[in-house]
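Enquirer: In order, the protein sequences belong to chains A and B.
Sequential numbering of the first sequence, starting at 1, is according to the numbering used here.
Sequential numbering of the second sequence, starting at 1001, is according to the numbering used here.
Built from N, CA and C at the ideal position, the CB exists for glycine as well.
2 protein chains.
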Amino acid sequence: MRQKEDPKGEAVENVISNIKLNPVSRSRLHEDIVSQIQNKIITGELKAGEKLPAERELAMELNVNRATLREALKKLEVQGLVDIRHGDGVYVKDFLESESLEVLKAMMYREEGADPEIIDSLLSARSALLPEVAAMAAIKRDEQHVRKLKEIVEAKSNMPVLEADLAVHHTIARASGNYLVIFILNFFNKLFREYGKFYFSAPENENRSRKFHRDICEAIAKRDAHKARRIMKDVLEYAHERTMKAIIDR
Amino acid sequence: MRQKEDPKGEAVENVISNIKLNPVSRSRLHEDIVSQIQNKIITGELKAGEKLPAERELAMELNVNRATLREALKKLEVQGLVDIRHGDGVYVKDFLESESLEVLKAMMYREEGADPEIIDSLLSARSALLPEVAAMAAIKRDEQHVRKLKEIVEAKSNMPVLEADLAVHHTIARASGNYLVIFILNFFNKLFREYGKFYFSAPENENRSRKFHRDICEAIAKRDAHKARRIMKDVLEYAHERTMKAIIDR
DNA sequence: GGTCATTCAGTGGTTCGACCAATTAAAATA
DNA sequence: TATTTTAATTGGTCGAACCACTGAATGACC
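1) Verify whether the separation of the beta carbon atoms of A/Ser121 and B/Leu1180 is less than 7 Å.
2) Chain A partners of B/Val1181, CB-CB under 8 Å?
3) Kindly give me the distance between the Cβ atoms of A/Val34 and A/Lys75, rounded to whole angstroms, as I take these residues to be in contact under 8 Å.
4) Does the CB of A/Glu132 have a neighbour CB from chain B at under 7 Å?
5) Contact between the stretch 1121-1131 of chain B and the stretch 1229-1239 of chain B is defined here as three or more beta-carbon pairs at a separation below 8 Å; is this criterion met?
6) Can you tell me whether B/Arg1230 is helix, strand or coil according to DSSP?
7) Taking 8 Å as the cut-off, does the stretch 76-93 of chain A touch the stretch 131-139 of chain A (at least 3 CB pairs, one atom from each stretch)?
8) If you follow the beta strand (DSSP E) that B/Asn1044 is in, where does it begin and where does it stop?
9) Leaving aside the five residues before and after A/Ile41 along the sequence, list all residues of the same chain whose C-beta is less than 7 Å from its C-beta, in chain order.
10) Please work out which residues of its chain come closer than 8 Å, Cβ to Cβ, to A/Arg242, disregarding the five sequence neighbours upstream and downstream, and give them in chain order.
11) Answer with buried or exposed for A/Arg85, where buried requires no fewer than 16 other C-beta atoms within 10 angstroms of its C-beta.
12) Comparing C-alpha positions only, which one of B/Ala1175, B/Asn1186, B/Asn1178, B/Leu1166 sits nearest to B/Gly1196?
13) Tell me, please, whether the CB atom of B/Ala1164 is closer than 7 Å to any CB atom in chain A?
14) Closest to B/Ala1106 by CA distance: which of B/Ala1225, B/Gln1038, B/Ala1246 is it?
15) Counting only C-beta atoms, is B/Ala1059 closer than 7 Å to chain A at any point?
16) Nearest-angstrom Cα distance between A/Val153 and A/Ala246?
17) Quick check: what's the CA-CA separation for A/Val146 versus B/Ala1067?
18) Smallest Cα separation from A/Glu50: which of A/Glu77, A/Asp83, A/Glu31, A/Ile118?
19) Pop quiz: B/His1213 and B/Val1168 are said to be a contact at Cβ under 8 Å. What is the actual Cβ separation, rounded to whole angstroms?
20) Answer with buried or exposed for A/Asp142, where buried requires no fewer than 16 other C-beta atoms within 10 angstroms of its C-beta.
21) What does A/Arg85 pair with, by DSSP beta-bridge criteria?
22) Among the residues of its own chain, which have a CB less than 7 Å from the CB of A/Ile182, if the five just before and after it don't count?
23) Given this structure, state the Cα-to-Cα distance separating A/Ala54 from B/Ala1059, to the nearest angstrom.
24) If you drop the 5 nearest sequence neighbours on each side, which residues of the same chain put their C-beta closer than 6 Å to that of A/Gly177?
25) Looking only at its own chain, which residues have a Cβ that is under 7 Å from the Cβ of A/Lys227, when we skip the five neighbours before and after it?
26) If you measure beta-carbon to beta-carbon, which residues of the stretch 56-85 of chain A are closer than 7 Å to chain B?
27) Near A/Leu162, what residues of its chain come up, given a Cβ to Cβ distance below 6 Å and the 5 sequence neighbours on each side ignored?
28) What would DSSP say about A/Arg26, mapped onto helix, strand or coil?
29) Between which two residues does the alpha helix (DSSP H) carrying B/Leu1122 extend?
30) What does a CB cutoff of less than 6 Å around B/Arg1250 pick up in its chain, not counting 5 residues either side in sequence?
31) Buried or exposed: where does A/Met159 fall if 16 or more other Cβ atoms within 10 Å of its Cβ makes it buried?
32) Looking at the structure shown, is A/Val235 part of a helix, part of a strand, or coil, going by DSSP?
33) If you compare alpha carbons, which of B/Arg1028, B/Phe1192, B/Ala1048 is closest to B/Ser1127?
34) Three-state secondary structure (DSSP) at B/Thr1243?
35) Could you name the residues of the same chain whose beta carbon sits closer than 8 Å to that of B/Pro1116, not counting the 5 residues immediately before and after it, in chain order?
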C-alpha cells in the first residue's frame, strides 16, 4: 500500500502515450488548462474513450499543482467532455454527446473568423424550428406580445436592423409560451448576433427584413398560424441562402 | 498584510447573513455542495447579485476543505450560476439569464413528479423541430447511419422500447449532420428518458413505436425526405396527445 | 474642501504534502 | 481452476501556506 505521494514513478505507458499539453502562464491557470484539453477533444486529438494520464502525472506535465488541474477537470466534467471515475481514471467522452452549449460555442469559435459549416448548421436549425414556433405563437399569443411586436416594427427605424430582428424572434418565442423554445431561441440569437452581419451587410436584405417584421406581426395579430409559418419559412430560407453566399464570397 | 491563514475571524456581517448550508456526508462531497447551492439559487433563496460568504468561511460552515468547496464553485461557475471574481468574491447570477441547459434541467427536476406544463413544452418543441430534422437526415445520411438504424430496429426486441426510441432519435440527429440539432436533441432525449414512461406504459403505444422505427428507417434509407418528415410528424403528434392524456389521467 | 495616489486588509488563485477511499489486477489460497 | 486476499494505482479530501487581484480607507497634495 502506498504511503508516500508522488513516488517519482516513471511515465506510465499503458495509457495514451503523450498528449503534449503545454505548461501554462501564471493567471487563470485552470482556465487555460480547460481550453487546452477542450481543444484537444474537439479537434479529435483526444478521442472518446481514451484515458488521460493520472492527475499527478498530468499536473506535473502541465507544470501546475494537482489541485489546479482538478479544478480544470471539474469544469470539463460539467461540460460533459470527460468522465472522472474514482479509483480508475479520467476518460475522454464523445463531445457530440455533450449537451453543453458551452462546448458547442467552443466548437464554433475554435477557428478564426466564421466557420461556414457551423453557420450553416445554425441557419438550418433556425429554418427547421422557427416556422413552427411562429405558428405556435400565432395561436397562443396574447395582446401583450402583439403590442411588443408592433412597438418593434414601428421603432425599428431607430434600431439597428439586426437588433430589431433579434427582438422580433425573441418576442415570437415568448409568445409561443414554450419554455424550451425560449431557451433555445435565446441561444440561436446569441450566435446570430455574431453572424447576422453577413446577411444585413446588403441593403436589399435589410428592406426585406423590415417587410418581414411587418408581415409576421400582422399574421400573428390575426392569429393566422398558417400564414405566420409560411412567412417565417420563406424569410429564413432566403436569409440562409444569402448569408452563405455572402460568407463564401467574402 | 495577512501572513497566516484562517485568522479565526468572526462571521462577516456585510454579506448575506446565513444561508444555512448543511454539512455534508462523506462521498461525492463537492457534488452535494453543488446540489445544495444550485437548489438555493433556483428556488430563489439565493438571489441574483448576492455575494456568497468567503470561501474560507463557507468551507468552514459546510465542514469541508476549501479545495473541495472550490471544486464545487467551479462547477457552478460553468453552469452559469455564480460569478467568481478574483480578489472580490463569489456572486450569485440570475439563473434565468443562463444559457446552460444544465440549469434548465435542474429547474425541471426540482419539483417531485412530472410538471405537465414542462412536459407539454418538451413534446411541443420535439414536434416542431424533429420532422424537419428527419427530412434533413433523409437527405444527408450516409450508409453508416442507415446501418446503425437497422441495427436498432432489429435488436430492439432485446432493448427496452424507450431506449430504442431514444437511440433512433439520436441516430437521426447525427445523420442530419447538424451540430446544433445534435446538441438540442441530446437534451430533449435526456428529458424524454424521464417522461417517456408515461407514453410507453401503454402496450399499443409500444407497438406503434416499433412500427415507427421500421418506417422511418426505411424512409431515410430511401432518401425520401417528404415521407420521413410525415412519419416523424405523425408519431410525435400522436405521442404528444397520448402522453399528456396519460399524465392527466394518472 | 476636493482630488488623487497610496496603502493594506480581504478575497480568490495556486502550491505543497499528506492521507482517505474506490478500483483494478496481481498474488495467494482453497 | 476458481476464489479470496492483497497491494498498487488513481481519484477525493484535507490543512496550511503563500501569491495576486480588488476595493475601500487613508492621507498627501492642490
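Expert: Put simply:
1) yes
2) Ser121, Ser124, Ala125, Ala128
3) 5 Å
4) yes
5) Judged by Cβ distances under 8 Å, the stretch 1121-1131 of chain B makes contact with the stretch 1229-1239 of chain B, as three or more pairs qualify.
6) B/Arg1230 falls in the helix class under three-state DSSP.
7) no
8) For clarity, residue 1044 of chain B is Gly in the given sequence; the question names Asn instead. Taken as a continuous stretch (DSSP letters only), B/Gly1044 belongs to no beta strand (DSSP E), as it is neither H nor E.
9) Leu81, Val92, Phe95
10) Tyr199, Ala202, Asn205
11) Around the Cβ of A/Arg85, a 10 Å sphere holds fewer than 16 other Cβ atoms; the residue is exposed.
12) B/Leu1166
13) no
14) When only C-alpha atoms are compared, the closest one is B/Gln1038.
15) no
16) Using only the alpha carbons, I get a separation of about 26 Å.
17) 51 Å
18) A/Asp83
19) About 5 Å separates the two Cβ atoms, so the contact holds.
20) By the Cβ neighbour-count rule, A/Asp142 is exposed, with fewer than 16 other Cβ atoms within 10 Å of its own.
21) A/Gly89
22) Contacts found: Ala173, Arg174.
23) 27 Å
24) Lys140
25) Ala219
26) Those would be Ala67, Arg70, Glu71, Lys74, Lys75, Val78, Gln79, in chain order.
27) Cβ within range, chain order: Gly196, Phe200.
28) The predicted model places A/Arg26 with a pLDDT of 48, which falls under 50 and marks its position as unreliable; any figure quoted below should be read in that light. A/Arg26: coil per DSSP, three-state reduction.
29) 1116-1140
30) Result list for B/Arg1250: empty, nothing under 6 Å.
31) exposed
32) When secondary structure is reduced to three states using DSSP, A/Val235 falls in the helix class.
33) B/Phe1192
34) helix
35) Met1244, Ile1247, Ile1248
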